[in-house]
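Asks: Protein chains in written order, with the numbering used here: chain A, 1 to 172; chain B, 173 to 961.
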Amino acid sequence: MSVITLNVNGAVHQVDVDPATPLLYILRNDIGLRGPRFGCGLGQCGACSVIIDGALVRSCQLPAAAATGAITTLEGLSQNGTLHPLQQAWIDEQVPQCGYCQNGQIMTAKALLDRNPSPTDAEIREGMQGALCRCMTYYRIHAAIKRVVAGQATGLAHEAVGTAAAAQEASV
Amino acid sequence: MSTHSEFPRFIEQALQGLNPSASRRQFLASSGALVLSLGASAVPGARVLAQAAAGPYPDPDFLQLDTWIVIHPDNSATFFVGKTDGGQGTGTAFRQMMCDELDMAYEQTRLVMGTTDTTPDQGGSGGSDAIETDGKPMRRVAAEARRVLLELAADRLQVPVAQLESSAGMVSVRGDATRAVRYADLVGGQRFNVTLSGNNVNATTGTAAVKPVQQLRVVGQSIQRYDIPPKVDGSLTFAVDVKLPGMLHARNVRPPVAGAVLRSVDESSLAGLPGVVRIVSRGNYLAVVCEREEQAIAAARQLKADWAAPAEAPFPPSEALFDFIRSAAPTSSEEPRVSGDPASAFASASRVLEAVYEVPFQGHTAIGPAFAVADPSDNQLTIYSNDMKSYGLRTGVAAFLGLPRDRVRVVYMDGPQVYGRTAADDAGFEAAFLAHELGRPVRVQWTRAEETAWDTKGPAYSFRLRGALDANGQPTALDYEARAVDYAHLGYNEPDTVLIAQLMGRRPARIAEGGAALPSVKYGIPNTRLSGHVVALPLVWETPLRTGNLRDPDGPQVTFAFEAFVDEMAAAARRDPAEFRLALVEASGEDSAFRRSRSLAVLRAAVEAYGDWETRPAPRAPSIGSVHSGRGIAYTFRSNTVVAVIADVEVNRDTGRVWVKRLVCAHDCGLAINPMGLRHTVECGMLHGLSRALYEEVQFDGEKVLSVDWESHPSLRHADTPERIDIVLVNGDPSPDRPDLPHYGAGETSHKPMIAAVANAIFDATGVRLRRAPFRPERVLEALRAART
Ligand code: FES
Ligand code: FES
């Protein structure tokens, strides 16, 4: 065990752990964060993604002692209670099903847009490829990213429906 | 949903507004709000959990209105329902249904789900029955609460009920808004004390009638899901996030080959490792329990154990699976269902088609491997889990450990997608067992390899189909024979069939026979013979090839064989595949729940939404170049929900890659409670089906599963996503004005026709019929090559 210092979402934490422990377990078990999640521990699904000094990192693969930069997690994206445009777009498009993978989706999208603020369709597919969703919310995610790219990440995506009868969009 | 971050705050506020009399506290405890408030607010920090959890945990009485609905002094309400939400938005839909009957605004309400001592036992989730079946008692109890409130208001305002109206939690005198009273002033912080009737939970009712569909106002709106903001900002406490004081971390150590027997464990192999608390072995179940999670991971890797491989191979390697299925003696066979005279129809046919279809084992492979936390404090047991059937977990664990039921409870919380996986909640039983053994809270977490190899599997199938066409290309007979590897199909949270029970050597008194499903669709083919057989692999217990319910358990397999074969008949008859199906549905006699007319409607709606559907037979005229495109249609129903799907594909002849470029779906599940939530469920269900069509397959050698991660078991990913998806909700029925338009389930139907639709599109594009799923590039290339020679 040894004391390591982590800078997470602007706060400094000191933890006394085996320095080889993957960052993911420290973030979850010692610092009490819930955004980064365990999906594979193999670097294959992206559920554990965090951003360190601007780069997308799979926290299940990084020894905690090597995490010397400024770590941002899903919890750190909103500023003074205002959601990050991606988070707002995720709500507008009602992206999640179970939600378990969505940390990886949002963090991967953030890294993508930070690198390339107006990706093409192909660049979105390519840039998001590492973030697996077993509920298959991909199409919604693409819509949400495009919404941010178009600068429309506010306002609700409600369908214009009123009563139950009106909601029955077509009848036989 | 009990643990969305808003919930504890809200309950605390509600508690502050209460009259702090002992009886009131007792009431909230019995109605669940008090117990839950302590439990839920304690989950992240876990300070007060121990007192709150002291138990015993009685079953909430579903015949008491107070069990379902609590009106708070601030004029908000909490609904308590015995369901779970795997992320399809059923929780939001339940609130909408109950708000409408109770006449409260959506924003005035909250919902608590699936926690065994807090919410009435509606069985949790499964079978897409949440909206169709369980929503009905919810509507009725809410209607009953409104009836009682109107009576109380009549008394208070000295006006007959007939002159009162209610909305947004207020009762007022019709035409005189100044004479009004809030629900909270009638019953806020007090019991309704109304006994309901009904001999099971689904039959629960008061004396009030539910509203006619035309009067529903909240139902039918695309209200945004309440669970999404906390899922997006990281504030939601998932069940994986539960931490308790003194909690230990466990990892299982699985047999290295299926059916291996544990001879000995070398405890000294962990000497010097920090944090090891206990090595637990019982029969062939082996686990390490440590103070910290990374210590448990290291210990599980390092532990040396001596396993004896079984004398007989547990199963054939996956390449030989289908030959095995076709040659094995069935463990059970269904009496064939025969209509008409298929033998003579085949004898007099002008053309007979014959084909064999194959679908391998497919796993759930949830994004998050199985996990659970169990807390044995105070001689009780509380399990924190995302078990979709939390009530069954409670009963199963009590039986497994020999504890009285009222000493066990399950707190349901969100988790990674379930789709049937947690109906047999292996990790829940393991955590309970280990916590009970060690007397400390234990968190069990499976690894990726463990989950992918050992989770429950959808049954593998081999089908043989024969079809007869007359001289006009009209189908006259169909012979369908299915063989499924499904012997000892897992039940729900049974104390003698969950994995830990099997590994400990327990065996059920009666082995589930399993089933080979028959197609549900009835086309107008006059002579049919439908039969099914179940076969068993050599190793029945303690095997990673355990079959269980995977989203629409047999539907994708059966619909693949059936709807692709119907497509073969259409192609042989040189008929347009949509028109061919329309004619077959038209000719079918059956029309229960207007299914025939609704089926015709979805088929027509899909073709119309597709746009320029050219009426022609498949395959299309051969094109030059590497990328060939084509379209495929498939139709099916599940229960009373009907669906038609059209897939546009691009097949790359050089790489074998299939890209489904566009999907069109026409869907009818009756009354849509939340059209947006419904659309998203339909869409994600289709893509999940697409993943099974293109990638998912469990591979194994003769002794173990080789699919252990996302490389050896690929899944659909971003790059595979269609560039366009059109969903048409054809919801209604031939008499859309009927006041009781039913609401059917939608969680599985759109998933069901996907393998078939993709296969049919590949045929249209290439003229090559793929009869073995999934359509991975190497298999597509092989089929294209074989067709050329
Ligand atoms: S958990 Fe780190 S990539 Fe899957
Ligand atoms: S939302 Fe469930 S895995 Fe992506």
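For glycine and all other residues, C-beta sits at the position ideal for the given N, C-alpha and C.
1. Name the one or two DSSP bridge partners that K128 (chain B) has.
2. Which one of B:P914, B:H852 and B:S922 has the shortest CA to CA distance from R397 (chain B)?
3. Just mark Q330 (chain B) as buried or exposed, buried being the case when its beta carbon has 16 or more other beta carbons within 10 Å.
4. So P588 (chain B) contacts chain A; which residues on that side make the cut at Cβ distance below 7 Å?
5. If you drop the 5 nearest sequence neighbours on each side, which residues of the same chain put their C-beta closer than 7 Å to that of A527 (chain B)?
6. So, helix, strand or coil for N7 (chain A), using DSSP?
7. Does chain B have any CB closer than 9 Å to the CB of A47 (chain A)?
8. Could you tell me if N371 (chain B) is buried or exposed, where buried requires 16 or more neighbouring beta carbons within 10 angstroms of its beta carbon?
9. With ligand 2 as the reference, list in chain order each residue whose Cβ lies under 6 Å from any of its heavy atoms.
10. DSSP puts L650 (chain B) in a beta bridge; with which residues?
11. Got a list of residues with beta-carbon closer than 5 Å to any non-hydrogen atom of ligand 1, in chain order?
12. Kindly indicate which residue of B:V343, B:D289, B:T377 and B:A334 has the alpha-carbon position closest to the one of D306 (chain B).
13. Of the residues B:A790, B:L565, B:M270 and B:P588, which one's Cα is nearest the Cα of L283 (chain B)?
14. Closer than 7 Å, Cβ to any Cβ of chain A: which residues of the region 848 to 880 of chain B, in chain order?
15. Indicate the three-state DSSP secondary structure (helix, strand or coil) for Y807 (chain B) in the structure shown.
16. Can you list, in chain order, the residues of its chain with a C-beta nearer than 7 Å to that of G418 (chain B)? Leave out the 5 residues immediately preceding and following it.
17. Using beta-carbon positions only, say whether S703 (chain B) and E506 (chain B) come within less than 9 Å of one another.
18. Is DSSP giving K833 (chain B) helix, strand or coil here?
19. Return the chain-ordered list of same chain residues with a C-beta closer than 7 Å to the C-beta of P508 (chain B), the five sequence neighbours on each side being excluded.
20. Mind pulling the chain A residues with CB within less than 8 Å of D405 (chain B)?
21. Taking the continuous alpha helix (DSSP H) assigned at Q623 (chain B), which residues delimit it?
22. Could you pull out every residue in the same chain whose Cβ sits closer than 8 Å to the Cβ of F947 (chain B), ignoring the five residues on either side in sequence?
23. Which residue wins for smallest C-alpha separation from P641 (chain B), given the options B:G720, B:R889 and B:R746?
24. Answer with buried or exposed for M1 (chain A), where buried requires no fewer than 16 other C-beta atoms within 10 angstroms of its C-beta.
25. Tell me which same chain residues have a C-beta within less than 6 Å of the C-beta of L23 (chain A), skipping the five on either side of it?
26. When the cut-off is 9 Å and only beta carbons count, does G10 (chain A) lie next to chain B?
27. Going by other Cβ atoms of all chains shown within 10 Å of its Cβ, with 16 needed for buried, is E855 (chain B) buried or exposed?
28. Leaving aside the five residues before and after L358 (chain B) along the sequence, list all residues of the same chain whose C-beta is less than 7 Å from its C-beta, in chain order.
29. Which chain B residues are close to G70 (chain A), counting only those with a beta carbon under 8 Å from its beta carbon?
30. Residues of chain B with CB closer than 7 Å to the CB of T137 (chain A), please, in chain order.
31. Let's test the definition: count the other Cβ atoms within 10 Å of the Cβ of K629 (chain B) and tell me whether it reaches 16, buried, or not, exposed.
32. Using DSSP bridges, identify the partner residues of P541 (chain B).
33. With DSSP as the reference, please indicate the residues paired to P22 (chain A) in a beta bridge.
34. Tell me the DSSP secondary structure of K308 (chain B) in three-state form.
35. If you pair each beta-carbon of the region 105 to 112 of chain A with each one of the region 831 to 838 of chain B, do three or more pairs fall below 8 Å?
Replies: Reading off the structure:
1. There is no way to answer for residue 128 (chain B), as the model of chain B reaches only from 173 to 961.
2. B:H852
3. exposed
4. C98 and Y100
5. L637, F737, E740 and R943
6. strand
7. yes
8. exposed
9. Chain-ordered, the residues whose CB falls short of 6 Å from any heavy atom of ligand 2 come out as A:P96, A:Q97, A:C98, A:G99, A:Y100, A:C101, A:Q102, A:C133, A:R134, A:C135, A:T137, B:G259, B:I539 and B:Q589.
10. B:G639 and B:T700
11. Per the Cβ criterion, the list is A:G39, A:C40, A:G43, A:C45, A:A47, A:C48, A:R58 and A:C60.
12. B:T377
13. B:M270
14. M848, H852, E855, C856, L859, H860 and S863
15. strand
16. R612 and P613
17. yes
18. strand
19. Here the set comprises R701, L702 and S703.
20. Neighbours of D405 (chain B) on chain A, chain order: L74, E75, L77, S78, L83 and Q87.
21. Inspection of the sequence shows that residue 623 (chain B) is occupied by Glu rather than by Gln. Residues R620 to W626.
22. Same-chain partners within the cutoff: V830, A865, L866, V930, A931 and I934.
23. Sequence inspection shows Leu at residue 641 (chain B); the Pro mentioned does not correspond to that position. It is B:R746 whose Cα lies nearest to the Cα of L641 (chain B).
24. Classification for M1 (chain A): exposed.
25. S59, L62, A64 and A67
26. Closer than 9 Å to the CB of G10 (chain A) there is not a single CB belonging to chain B.
27. buried
28. L321, L324, A325 and R328
29. First, the residue type needs correcting, since residue 70 (chain A) is Ala and not Gly in the sequence shown. In chain order: nothing, as chain B lies at least about 17 Å away.
30. C856
31. buried
32. Bridge partners of P541 (chain B): none, in fact.
33. A:P63
34. Reduced to three states, the DSSP call for K308 (chain B) is helix.
35. no
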